[in-house]
Amino acid sequence: MVELTPQLLGLQLVTGVALGAIYALLAVGLSLIFGMLTVVNFAHGAFFMVGAFLGIYFQTLTGSFALSLVITPLVVGSVGMLAERFLVRPLYGRGIDYPLLLTFGLSYVLIELMRVLFGIEGLPSSTPAMLRGSVDLGIGRFPLYRLVLIGATAAVVLGLWLMIEKTRFGLIIRAGSRDPEIVRVLGVDVARVWLLVFGLGTAIAGLSGVLAAPTRAVNPEMGITVLAESFVVTVVGGMGSLMGAVVAGLLVGVVFSMTSLLAPEFAELSIFVLMALVLLVRPQGLFGKAGLMG
Amino acid sequence: MNAPLIQRHAMDVQADILIEARHISRQFGAFQALTDISVQFRAKHLCAIIGPNGAGKSTFFNILSGAIAPSSGSVLFQGQDITGLEPHEYARRGIAKSFQITNVFKQLSAHENVRVAVQMRHARFDFFSPRAKLAGVAQTAQALLERVGLASLGQKPAGDLAHGQQRSLEVAMALAADPQLLLMDEPTAGMSPEETTVMMDLITELAAERTVILVEHKMKLVMGICKTLIVLHHGQLLAQGSPEDIRANPEVRRVYLGQG
Amino acid sequence: MAPLLTPVLTLIARHRVLSVLLFLLIFPWLMPYEALAVNILIFGLYAVGFNLLFGYTGMLSFGHAAFLGVGSYLTGMSIVHAHLHWLIAIAIGVGASGLVGALMGHLAIRTRGIYFSMVTLALGQIVYYGFYKAERWTGGENGLRGVTVPAFEFAGWTIDFTNPVTKYYVMLGFVAIALGLVSRILASPFGAVIEAIRENEKRAAACGYDVARSKLLVFVLSAAICGLAGSLRAIHLSVVPIDSLHYLQSGQAVMMCLLGGMGTFFGPFVGAAVFLYLEDVVTTLTRHWMAVVGTIFMVFILFFPRGIWGSLIARWERATTPSAQT
Amino acid sequence: MSTLIPAPTPNPEHSTSHADQHAAPQANMQATSRRRLLQAGAAGTVLAGAPFAINIVRAQGAPIKIGFPTPLTGAFSAEAQDQVRAAELAVKEFNDGGGFNGRKVELLVRDDKLNPGEAASRTLELIEKDKVDFIVGSLSAATQLSINAVTRERKVIFNSISQSDAINEAKDWSPYTFHEALNPHMTAGAVARYAFPKYGKKVVYLTADYAYGHEMVRGFERAGKALGATTLADIRHPLGAADYSAFLPRIQALKPDILVLCNFGRDLVNSAKQATDFGLKESTRLVAPVLLFTSRVAGGADAFEGVVGGTSYYWGMEDSIPAAKAFNDKFRRAYGGAVPSDYGALGYAGVRSVLQAVVNAKSTDSDKVADALGRLEYNWYKGNQFYRKCDHQSVQSIIIVESKSKGMKDKNDVFSVASIEAPSESNLRSCSELGHKG
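Residue numbers (this note's numbering), protein chains in the order written: chain A, 339 to 632; chain B, 31 to 290; chain C, 5 to 330; chain D, 12 to 449.
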């Protein structure tokens, strides 16, 4: 057992934050969709996976990682909107189970679709040349790209926050996530808003796919484990709370990272234990509204 | 200032007090919904809690029916403190209620709605005897349906009944436990004038056998039929007494100026 | 269709257990192979147990794999390590999953809606890792092997589980008992109470029913039935795969219920049969079975939310009591 | 839904053969087989529900049936489908050679979805419905063990082409159990014997937390003891973890000479990739007990640059091994120039051994064939091999490869063969250790 120097703990913390960044991004998308549409999107992991595949595809097509960072979310978002329009919309008002199970079926189809399009082995993914290598943080070497990952997530969350706080669309979202009825009263075309929100949520999932691709194997099944983890995050943070999603994302990332250091075998279990504990103490999650879905 | 009045009133009727609220207060966060309310309700007595919107009627009603607990103070039923008991324990002591928002088992048939309510008295955790064969339950349920005028609609899913009919169904369910106290939160809300009169007649009739406490903001409606009125205002007990007293009460007049 | 359907369904509805048994007696001859028929028996029972909670009480659990798995493992371990008689082993499996159900339920029923689903998911995963780590007794990721029941004499017959037909009918015996039990419970006053809770918790409490206690009871019942399914599966496969505890296995129960029709007595069984049969056929036809299964699933959610059996029932009701469907 | 209701049919055998034609993907005739699949689709749904599927009296000269359960879908589908191709090749060879007194061989491929439960059911199907004579296949420790549990009970020969130590042990083993593949103990040992002297003695293990991973570590430490290697840490990660970064700072702090990645397939790709990102390679040599051809292709050159590992077969060994050359050429001819992967080759050997044993035994009877397999000495594709008497483990050579990052001739040119360890019983765990008498 290596002794726990401050450096090691520090590095472990940074690692946890980098991990949490992706969790947070995914959870934000999930929470956005749930908060507005009370749809538990079981296809979120699949959209993440699709994002990773398309990210690589557009990167090789355009030769630019930056470009695919822009294009991919747009494409994934559009797929998301199609799904909302033709699959999810007919189910509104039918309770929470049906959309949940429909998106579950959708995830199967998306996984198979990627198998057909890009093959079962998945695609080799590599970090863009300029972001390769590791930098010395003074506490140890850390991959440059993962620092970028943290930065990118911060940027996205900030952008999202600005949009929600400063734009009219944001206003509607804020109102809507408190009480969907209000939106109708405000005389907004609810259907359009929901379409956009679903699109936005899935686009973010796609984006996190592109961002995650260089750090892991890109294959059709990559979304399945991610889904479970991002659900844990969303629920710990409180369904429908963006703030919660971010905080819980980082929390889960750090908890996972620290257990990996101290009791590696239990790393994966730790986040489920965390969720169980949080829910039993605060059934609505850290930032969730009590009684929601009661 | 009217506390002594209540006390005196209490003295001579101590004998047949069914339910009593003692110094009930309730906050919601910073908002003080009720402040130190003490009221006694007599057995076999029709009584209404009135007051303008936001007076705290529903909060008080929910505390009496055990739906929410008071921040301070206590509720006594037949002299026993029942404050903070589970809702189902209130029901088992003979306190029934009908909700403000219609509240039935939508997908079950009207008859099944009442049958389930009646069954409560016969079998709670019976896993084996076929429910259909439960002695007399179905008949009692049918009788109750007739009493509220839904005899012919027994097989219809409760969700498909007209609004007024659903309210009546709720009354039937409330009666199923043959309660000593029946609490009704705006029983005529959203009813047509015809439905309203039918409902009011039914209520008066019911009050002959048990205590009925109504929450109502339509003052006119209750003036005629209630023995006692309790007026809340800004979460405080403004006045209580017979309709006549209330009509005469200057405070009440001021509050209801232009209303009623 | 309806006119022909009505008398049949009326008959079935009257003697539902009897009719399902009659069907199950000839069932193996309708299936491509017995192992599939046995799987359908087992997962049918699993789905029925799950439906008790999901369909009848309205609680969507994502942790039911825990009960299937605990049933399998405890039965398996009793046979492999303790060399107990297989009947006792099954009893232990059922008891254990009931117990785990009581523990999980006690914690989970404090939450509602999606949070209930997530708590059950989390607790289920904790059980999963518990068994995963207990490699010495459970075989860990390799699964528990050697759950074999030697051939034995019964009423002059030699019962040998390596004979698929024999195995099927022995399993059918257990499933029959369980189905009878469930049917009885659903017809009982308690059955009425849980449906009331599904419809409107607040109102059920106002009627004087102890909602929390009733929920816990259903949870345990449901767990025990899923546990029996698990116990049978251990004997059927002669191995216990760790996957039987995984949350994807819980998801399967949900799918089967929805496919067949939740909140109906036969629905889950029909769902399990169609699901497994479909998967079996499709997988031998195409490697893209996930796409096919996924699509069929979506189609059902969108167009037959009542599920296969549920839709039949609906037709029937419309045919017999028109008023009920207006 | 109506098409799903099974309709009776006099000939259940059909449905399976349809299915099998599909399930054996022929790279060079994809288009047609797709079309055939569609017809099979229609036919299959109707036929699959044949009543009285059991007790079909099989005529003399009926085909010899080999059941082939393998994960056509899921994480190892690439490897699995290569297994099928190679197995098909062995079958084709045998049938073109006239079969066994007129009896042709039929390969019945089933998708076990990498799920042990599914694997068991599928094996039951193959035995009870299709009445297969032998089972060859599987691609994971768990699935092979559950297949073995079923075959053992029913005295059906199972030749496993996937790695595991447990299957050799008396507890799981049966006289009908054969193990064509390497086992972790052999592979890990060979890699250790190559790597420890060369790269250093301070070792950290990053281990997938399941039997297979633990068996790998055990193998390394055994061999390491003799070579004076010291274990700094054995860090166990959850099986199938997507992110390993959280384990890496500690490894960095330990400053090992060698980091052994005791995991498989995608876990290996992920961990190698992330270790590279963390700059671990600057001071540490990455070693993998099993370095899959397919993983390397999927993972890319950068992630695997300089990674050393073991394998049962690499097509590149054809330069020095004539048998390999011959096998590669057959494969290239059949599949449009494609080269066989390591696990693919095992599919070929697994089937071919059984068929050879049938010929030697002049029978398809399980006991006779098992006996013949026990005596078999063969050289199908990589040099001489034989099954050890006590546990039927195939004693064979082990290839140590190093991943290339530059100067590759084509997309298949991913490894350079560093060394080949000759077959030797002494590199296996002893029979008595496994609980076998004698």
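Just so you know, even glycine gets a beta-carbon here, dropped at the ideal spot from N, CA and C.
Owing to the predicted nature of the structure, the values given are computational and were not obtained by experimental measurement.
For C:L57 and C:S226, believed in contact at Cβ under 8 Å, the rounded distance: Locating residue 226 of chain C in the third sequence gives position 222, where the first residue counts as 1. Locating residue 57 of chain C in the third sequence gives position 53, where the first residue counts as 1. Yes, they are in contact, since the Cβ atoms of C:S226 and C:L57 sit about 4 Å apart, within 8 Å.
Residues near A:F442 by beta carbon distance below 8 Å, same chain, minus five either side: Here residue 442 of chain A is taken as the residue at index 104 of the first sequence, counted from 1. So the list reads F380 and A381, once near-sequence residues are dropped.
Residue-chain proximity (C:R116, chain A), Cβ-Cβ < 9 Å: The count along the third sequence starts at 1 and reaches residue 116 of chain C at position 112. Yes, contact with chain A.
Contact with chain C by D:D183, beta-carbon distance below 9 Å: The residue you call residue 183 of chain D lines up with position 172 of the fourth sequence. Yes, contact with chain C.
D:A64 classed as buried or exposed, judged by whether at least 16 other C-beta atoms fall within 10 angstroms: In the fourth sequence, the residue the question calls residue 64 of chain D occupies position 53. Only weak support is given to the placement of D:A64: the predicted model assigns it a pLDDT of 37, under 50, and the question is left unresolved by the model.
Start-to-end residues for the beta strand (DSSP E) that takes in C:E157: Position 153 of the third sequence, counting from 1, holds the residue named residue 157 of chain C. Per DSSP, C:E157 belongs to the beta strand (DSSP E) from F156 to F158.
Beta bridge counterpart(s) of D:G78 as assigned by DSSP: The count along the fourth sequence starts at 1 and reaches residue 78 of chain D at position 67. Partner(s): D:L119 and D:I146.
Cα-Cα separation between A:V355 and D:D313, rounded to whole angstroms: In the first sequence, residue 355 of chain A corresponds to position 17, counting from 1. In the fourth sequence, residue 313 of chain D corresponds to position 302, counting from 1. Answer to the nearest angstrom: the Cα atoms are 25 Å apart.
Contacting residues, own chain, Cβ-Cβ under 7 Å from A:L469 (five flanking each side not counted): By 1-based counting over the first sequence, the position of residue 469 of chain A is 131. Within the same chain, A:L469 has close Cβ partners L482, Y483 and V486.
Neighbouring residues, chain C, relative to D:K266 (Cβ below 7 Å): Looking up residue 266 of chain D in the fourth sequence gives position 255. By Cβ distance, chain C contributes nothing, its closest Cβ being about 30 Å from D:K266, past 7 Å.
Coarse secondary structure for C:A323, derived from DSSP in three states: The sequence position of residue 323 of chain C within the third sequence is 319, counting from 1. DSSP places C:A323 in helix when its eight states are reduced to three.
Continuous alpha helix (DSSP H) assignments of at least 4 residues falling wholly in the segment 227 to 278 of chain C: 251 to 264
Cβ of D:I246 within 9 Å of any chain A Cβ: Position 235 of the fourth sequence holds residue 246 of chain D. Yes, D:I246 counts as interfacial toward chain A.
Under 7 Å by beta carbon: chain B residues contacting C:R188: Position 184 of the third sequence, counted from the first residue, corresponds to residue 188 of chain C. Going along chain B in sequence order, the residues near C:R188 (Cβ under 7 Å) are F158.
Per-residue burial, B:I276 [other beta carbons within 10 Å of its own, 16 or more giving buried]: As a working note, residue 276 of chain B is residue 246 in the second sequence. Label assigned to B:I276: buried.
Supposed contact pair A:A384 and A:G561 - C-beta distance, whole angstroms, cut 8 Å: Here the question's residue 561 of chain A lines up with position 223 in the first sequence. Here the question's residue 384 of chain A lines up with position 46 in the first sequence. Going by Cβ atoms, the distance from A:G561 to A:A384 rounds to 5 Å, so yes, they are a contact pair.
Bridge partner(s) assigned by DSSP for D:A219: As a working mapping, residue 219 of chain D is identified with position 208 in the fourth sequence. DSSP lists D:H248 as partners of D:A219.
D:F79 at chain A interface by Cβ criterion, 9 Å: Within the fourth sequence, residue 79 of chain D is the residue found at index 68, counting from 1. Not one chain A Cβ lies under 9 Å of D:F79.
Host alpha helix (DSSP H) of B:D46 (start-end): Residue numbering aside, residue 46 of chain B sits at position 16 when the second sequence is read from its first letter. Element bounds for B:D46: n/a, residue is neither H nor E.
B:H263: first and last residue of the uninterrupted beta strand (DSSP E) it sits in: Taking the second sequence and counting its residues from 1, one reaches residue 263 of chain B at position 233. It spans T258 to H263 - the beta strand (DSSP E) in which B:H263 sits, taken as one unbroken run.
Cα-Cα separation, C:V169 to D:C401: The residue given as residue 169 of chain C occupies position 165 in the third sequence. The residue given as residue 401 of chain D occupies position 390 in the fourth sequence. The straight-line gap from Cα to Cα measures roughly 35 Å.
Candidates A:P552, A:V531, A:R512 and A:F594: closest to A:G606 by CA position: The residue given as residue 606 of chain A occupies position 268 in the first sequence. At residue 606 of chain A the sequence reads Glu, which differs from the Gly that was named. Among A:P552, A:V531, A:R512 and A:F594, the Cα nearest to that of A:E606 belongs to A:F594.
Proximal residues to D:G276 (C-beta, below 7 Å), its chain only, five neighbours per side dropped: The count along the fourth sequence starts at 1 and reaches residue 276 of chain D at position 265. Answer for D:G276: A86, F87, L303 and S306, listed in chain order.
Within chain C, partners of D:N126 - CB distance below 8 Å: On the fourth sequence, residue 126 of chain D is found 115 positions in, with the first residue counted as 1. In chain order: P245 and D247.
Per-residue DSSP class, three states only, for B:M214: Locating residue 214 of chain B in the second sequence gives position 184, counting from the first residue. DSSP places B:M214 in strand when its eight states are reduced to three.
Span separating the alpha-carbon of A:V531 from that of C:A191: To locate residue 531 of chain A, count along the first sequence from 1; it is residue 193. To locate residue 191 of chain C, count along the third sequence from 1; it is residue 187. If I take the Cα positions, the gap works out to 46 Å.
Proximal chain C residues relative to D:A152, where beta-carbon distance stays under 7 Å: Residue mapping note: residue 152 of chain D aligns to position 141 of the fourth sequence, counting from 1. Here the neighbours are N146.
Cα-Cα separation, C:R149 to D:L135: Position 145 of the third sequence holds residue 149 of chain C. Position 124 of the fourth sequence holds residue 135 of chain D. If I take the Cα positions, the gap works out to 15 Å.
C-beta contact flag for D:R133 and D:R114 at 9 Å: Looking up residue 133 of chain D in the fourth sequence gives position 122. Looking up residue 114 of chain D in the fourth sequence gives position 103. Cβ distance not < 9 Å, so D:R133 and D:R114 don't count as in contact.
Bounding residues of the beta strand (DSSP E) (the contiguous stretch that carries D:D170): The count along the fourth sequence starts at 1 and reaches residue 170 of chain D at position 159. Sequence check: residue 170 of chain D is Asn here, not Asp. Note, D:N170: beta strand (DSSP E), I168 to S171.
Distance between beta carbons of D:A201 and D:I411, contact taken as under 8 Å: In the fourth sequence, the residue the question calls residue 411 of chain D occupies position 400. In the fourth sequence, the residue the question calls residue 201 of chain D occupies position 190. Yes, they are in contact, since the Cβ atoms of D:I411 and D:A201 sit about 7 Å apart, within 8 Å.
From D:I146, D:I138 and D:A222, residue whose alpha carbon lies closest to that of D:Q174: Here residue 174 of chain D corresponds to residue number 163 of the fourth sequence, with the count starting at 1. The shortest C-alpha separation from D:Q174 is found at D:A222.
Exposure of D:L48, with buried meaning 16 or more beta-carbon neighbours within 10 Å: The residue labelled residue 48 of chain D in the question sits at position 37 within the fourth sequence. Residue placement at D:L48 is poorly supported in this model, since its pLDDT is 38, which falls under 50; the coordinates are not used for a value here.
Neighbour flag for C:T142 against chain D, beta carbons, 9 Å: Here the question's residue 142 of chain C lines up with position 138 in the third sequence. Chain D, which has no Cβ nearer than 9 Å to the Cβ of C:T142, makes this no.
Nearest-angstrom beta carbon gap, A:P602 and D:F231 [assumed within contact, 8 Å]: Translated into the one-based positions of the fourth sequence, residue 231 of chain D becomes position 220. Translated into the one-based positions of the first sequence, residue 602 of chain A becomes position 264. With a Cβ gap of about 18 Å, D:F231 and A:P602 do not count as contacting.
B:A204, enclosing beta strand (DSSP E) - first and last residue: In the second sequence, the residue the question calls residue 204 of chain B occupies position 174. Counting along the chain, B:A204 falls outside any beta strand (DSSP E), though it belongs to the alpha helix (DSSP H) covering H193 to A206.
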